[in-house]
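Residue numbers (the numbering used here): 181 to 335. All residues carry an ideal CB built from backbone N, CA and C; glycine is no exception.
Set out below in C-alpha cells:
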C-alpha cells in the first residue's frame, strides 16, 4: 500500500487507574509513569511517522465517547482497558463497531495473575493483544498496529 502524504492517525486509550502507573503496585506494573509511557509512544510515533491522540480516563463512557468521536478520523487504536478488561460489555461492543483495527495491551501478563483476570471480555473484540512486556507492551502494540494498517490489502 502506498504511503499517504499525511501520517496515519492513531488513538491510544488508557483505562481506569492507569494514571497511577509508577505508584500503583510497582512490583507488577513497574516504576514508569503514564506520562513517561506516553512520551515513549510519542517518540516512537515520530519515528514511524504516525500521529497520536492519547486519552486516559477512569470512566468507561469517556473511553467509548472517544472511540465514537474519532471513529471516522483515525486508522487504528491501541487500548489498555485496565479493570474494564473483564467486565465491560459496552466497551467490547464499541470496539467491534469500529471500522479500524484495535490492539489491546496490558503491562502485566494477565494469565499469571489472579484467576479472575484470566478471562477478557475485550479480547474477542480486538485484533490482538500484547501483554506482559511492561511499558514495552504499548510500543509493541503500536508497532504491530501500524504494520497492520500499512499492510497491502488482499483483493
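_Helix, strand or coil for residue 213? Go by DSSP, reduced to three states._
Residue mapping note: residue 213 aligns to position 33 of the chain shown, counting from 1. In the structure shown, residue 213 sits in coil (DSSP, three-state: anything other than H, G, I, E or B).
*Would you call the region 271 to 284 and the region 201 to 220 touching, i.e. three or more CB-CB distances under 8 Å?*
The region 271 to 284 makes no contact with the region 201 to 220; the number of CB pairs closer than 8 Å stays below 3.
*asked:* For residue 321 and residue 244, I'd like the C-alpha separation in whole angstroms.
replied: Numbered from 1 along the chain shown, position 141 holds the residue referred to as residue 321. Numbered from 1 along the chain shown, position 64 holds the residue referred to as residue 244. Rounded to the nearest angstrom, the two C-alpha atoms are 20 Å apart.
*If you draw a straight line from the alpha carbon of residue 183 to that of residue 330, how long is it in whole angstroms?*
Along the chain shown, read from residue 1 onward, the residue named residue 183 stands at position 3. Along the chain shown, read from residue 1 onward, the residue named residue 330 stands at position 150. Caution applies to residue 183, whose pLDDT of 49 falls short of 50 and renders its modelled position unreliable; the value that the coordinates give is listed next. Looking at the two C-alpha atoms, the distance is approximately 8 Å.
*Give the range of the alpha helix (DSSP H) segment to which residue 241 is assigned.*
By one-based count along the chain shown, residue 241 stands at place 61. From DSSP, the alpha helix (DSSP H) with residue 241 extends over 240 to 250.
*Go ahead and label residue 196 buried or exposed: buried means 16 or more other beta carbons lie within 10 angstroms of its beta carbon, across all protein chains shown.*
Residue mapping note: residue 196 aligns to position 16 of the chain shown, counting from 1. Taking all protein chains shown into account, residue 196 has 16 or more neighbouring C-beta atoms within 10 Å of its C-beta and is therefore buried.
*asked:* Tell me whether the region 220 to 233 and the region 284 to 291 touch, counting them as touching only if at least three CB pairs, one residue from each stretch, are closer than 8 Å.
replied: Contact fails: fewer than three Cβ-Cβ distances are below 8 Å.
*Around the Cβ of residue 192, are there at least 16 other Cβ atoms within 10 angstroms (buried) or fewer (exposed)?*
In the chain shown, residue 192 corresponds to position 12, counting from 1. The residue in question, residue 192, is buried, as its Cβ has 16 or more Cβ neighbours within 10 Å.
*Using a Cβ-Cβ cut-off of 7 Å (strictly less than) and excluding sequence neighbours within five positions of residue 187, which residues of its own chain qualify?*
Here residue 187 refers to the residue found at position 7 of the chain shown. Excluding positions up to five away in sequence, the list reads 229, 230, 231.
*My guess is that residue 189 and residue 233 are in contact by the Cβ rule of under 8 Å, so how many angstroms apart are they, rounded?*
Residue mapping note: residue 189 aligns to position 9 of the chain shown, counting from 1. Residue mapping note: residue 233 aligns to position 53 of the chain shown, counting from 1. Contact flag correct, Cβ pair sits at about 7 Å.
*Measuring alpha carbon to alpha carbon, tell me which of 284, 266, 303, 271 ends up nearest residue 256.*
Within the chain shown, residue 256 is the residue found at index 76, counting from 1. Taking only the C-alpha atoms, the option nearest residue 256 is 284.
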